[in-house]
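Taken in order, the sequence shown gives residues 776 to 933; the numbers are from the working numbering. Using N, Cα and C, we set each Cβ at its ideal position, and we do this for glycine too. All of these numbers come straight from a predicted model, not from anything done at the bench. Okay, structure first, notes after.
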Amino acid sequence: IWNGTIFLSGGFNSQYQCLSSMTIYHPERGSTNLAMMTHDRALHCMETLGDRLYVAGGISCDADGHLVDQLACEVYDPVANSWSAIMPFPVPHVGSASAVLEGKVYVIGGYCQDDYSDTKTVHRYDPATERWENMSVTPGPNTYIAACVLPIPAHLRQ
Numbered sequence: 776i777w778n779g780t781i782f783l784s785g786g787f788n789s790q791y792q793c794l795s796s797m798t799i800y801h802p803e804r805g806s807t808n809l810a811m812m813t814h815d816r817a818l819h820c821m822e823t824l825g826d827r828l829y830v831a832g833g834i835s836c837d838a839d840g841h842l843v844d845q846l847a848c849e850v851y852d853p854v855a856n857s858w859s860a861i862m863p864f865p866v867p868h869v870g871s872a873s874a875v876l877e878g879k880v881y882v883i884g885g886y887c888q889d890d891y892s893d894t895k896t897v898h899r900y901d902p903a904t905e906r907w908e909n910m911s912v913t914p915g916p917n918t919y920i921a922a923c924v925l926p927i928p929a930h931l932r933q
């Protein structure tokens, strides 16, 4: 959600083909198609940070229609309605979780489409350095998970 509007990116169509679409949905104004992502993708992450939307990972469809890992990551500028590439992932994150904490995007877990191995890595993207950092690994497989940040008031943290 950015500026009171819900953004929808990528996914699959009814023929199980990956999409590069970007759509906004507003409960009172309906849906509007926006600039398409540079890469088609599904099972990816999308987060709002500042005045930008970050899209990372997932899977893509190759020329033969096979599902392959999508390492490319991109950032969307809603004011300019345009996409820009950012540093790609060093490893696949398909079906992973994501969250924003302290001005950075975290991507947690997922799997590799190529060999279906678990991606236990936690990566953090810092817009100031424009780099993904390898933060740690999770204690076990974490695929098709969800994450959120819950601010807890100081008086409850004692």
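The beta strand (DSSP E) with residue i in it runs from where to where?
| i | result |
| --- | --- |
| Ser789 | Per DSSP, Ser789 belongs to no beta strand (DSSP E) and is neither H nor E. |
| Lys895 | Looking at the DSSP string, Lys895 is not in any beta strand (DSSP E), and its letter there is neither H nor E. |
| Ala874 | Ala872 to Leu876 |
| Met821 | Cys820 to Leu824 |
| Tyr881 | Lys879 to Ile883 |
| Tyr800 | Met797 to His801 |
I believe residue i touches residue j by the beta-carbon criterion, under 8 angstroms. Please report the beta-carbon distance rounded to the nearest angstrom.
| i | j | result |
| --- | --- | --- |
| Met860 | Thr813 | The residue you asked about is not Met; residue 860 is Ala in the sequence shown. So it is a contact: roughly 6 angstroms between Cβ atoms. |
| Ala817 | Trp858 | Their Cβ separation, rounded to whole angstroms, is 17 angstroms, which puts Ala817 and Trp858 out of contact at 8 angstroms. |
| Ser806 | Thr798 | 5 angstroms |
| Cys836 | Asp852 | That belief does not hold up - the Cβ atoms of Cys836 and Asp852 are roughly 26 angstroms apart, past 8 angstroms. |
| Asp901 | Lys879 | 5 angstroms |
| Met862 | Arg899 | Not quite, the Cβ-Cβ distance comes to about 12 angstroms (not below 8 angstroms), so this is no contact. |
Below 9 angstroms between beta carbons: does that hold for residue i and residue j?
| i | j | result |
| --- | --- | --- |
| His841 | Gly785 | no |
| Tyr881 | Thr918 | no |
| His801 | Gly779 | yes |
| Thr904 | His868 | no |
| Asn808 | Ser796 | yes |
| Phe782 | Met821 | yes |
Might you give, ordered along the chain, the residues of its own chain that have their beta carbon closer than 8 angstroms to the beta carbon of residue i, omitting 5 neighbours on each side?
| i | result |
| --- | --- |
| Ser892 | Tyr886 |
| Cys923 | Ala874 |
By Cβ distance below 6 angstroms, which residues in the same chain neighbour residue i in space, the five residues on each side in sequence not counted?
| i | result |
| --- | --- |
| Phe864 | Gly832 and Leu846 |
| Val897 | Ile883, Met910 and Ser911 |
| Gln933 | none |
| Glu908 | Arg899 |
| Pro916 | Asp893 |
| Gln792 | Cys836 |
| Cys848 | Ala831, Ile861 and Pro863 |
For residue i, which residues in the same chain have their Cβ closer than 7 angstroms to its Cβ, ignoring the five residues on either side in sequence?
| i | result |
| --- | --- |
| Arg827 | Val850, Tyr851 and Asp852 |
| Glu803 | none |
How do the region 819-833 and the region 861-874 stand: do at least 3 beta-carbon pairs fall below 8 angstroms, yes or no?
-> yes
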